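In what follows, a single structure is set out as structure tokens and then discussed.
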Amino acid sequence: MRSILVVEDEFDVQQVVADVLRDEGYEVAVCGNGRDALQSLRAHRPDVVVMDVMMPILSGMQALEEMRRTPGLDAVPVILMSETAPRAGTPRHWQAFLKKPFRLEQLLDAVARVSGVAGRA
Numbered sequence: 211m212r213s214i215l216v217v218e219d220e221f222d223v224q225q226v227v228a229d230v231l232r233d234e235g236y237e238v239a240v241c242g243n244g245r246d247a248l249q250s251l252r253a254h255r256p257d258v259v260v261m262d263v264m265m266p267i268l269s270g271m272q273a274l275e276e277m278r279r280t281p282g283l284d285a286v287p288v289i290l291m292s293e294t295a296p297r298a299g300t301p302r303h304w305q306a307f308l309k310k311p312f313r314l315e316q317l318l319d320a321v322a323r324v325s326g327v328a329g330r331a
């Protein structure tokens with residue numbers, strides 16, 4: 211079973227994303243900010259991280275930058291989610307970007323694509 215870490219500070223969004231992924235057969239863990247995500251990632255490396263950009267304590271971009279500097283986490287595929295698209299010229303250390311609001315089919319397709327699964331779980 212493929213595992214996914216969902217990092218989202220808005221509880222309702224976090225739960226919808228996690229529930230949809232679980233319904234598709236993924237093992238899902240959740241965190242509410244970038245700092246907790248990094249702690250979780252050090253304890254258990256998922257196959258994919260689905261992470262919000264704008265969060266308290268440590269933003270998704272800050273957590274992503276730390277992941278890319280950390281051996282063992284540097285190659286974990288990341289799907290970013292945000293209401294605003296990244297600025298032009300921002301180093302692109304993620305594999306997919308979902309602009310909120312997005313359709314759940316877009317989420318599932320992005321997860322399948324970045325995890326190397328031909329189709330869904």
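For the sequence shown, the working numbering assigns the number 211 to the initial residue and increments by one for each residue that follows.
Ideal Cβ positions, reconstructed from N, Cα and C, are used throughout, including at glycine.
Here the structure is a predicted model, which is why all the values come from computation and not from measurement.
Continuous alpha helix (DSSP H) stretch holding residue i: start and end
i: Ser250; result: 244-253
i: Asp229; result: 221-233
i: Val321; result: 314-324
Identified DSSP bridge partners for residue i
i: Lys309; result: Ser292
i: Ala239; result: Leu215
Unbroken beta strand (DSSP E) run spanning residue i, endpoints
i: Ala273; result: It is not in any beta strand (DSSP E) - Ala273 instead sits in the alpha helix (DSSP H) that spans 270-279.
i: Met261; result: 258-262
Reference residue i; option with closest CA among the options
i: Leu251; options: Arg232, Glu234, Leu274; result: Leu274
i: Met291; options: Arg302, Glu234, Pro311; result: Pro311
i: Ala295; options: Asp262, Gln316, Val258; result: Asp262
i: Leu314; options: Arg302, Gly282, Leu215, Val227; result: Val227
i: Gly282; options: Pro256, Asp222, Asp219, Gln272; result: Pro256
i: Val258; options: Gln249, Tyr236, Met271; result: Tyr236
i: Glu293; options: Arg212, Glu220, Ser213; result: Glu220
i: Val223; options: Arg212, Val260, Glu234; result: Val260
i: His254; options: His303, Arg212, Val324; result: Arg212
i: Arg232; options: Leu248, Ala247, Val288, Ile214; result: Ile214
i: Leu248; options: Val230, Glu234, Val286, Gln225; result: Val286
Anticipated Cβ contact below 8 Å, residue i with residue j, distance rounded
i: Leu317; j: Leu308; result: 6 Å
i: Val366; j: Val238; result: This structure leaves residue 366 out entirely; the chain is present only between 211 and 331.
Next item on the list: Decide if the segment 262-270 is in contact with the segment 235-245; the criterion is three or more beta carbon pairs, one per stretch, under 8 Å apart.
Entry: yes
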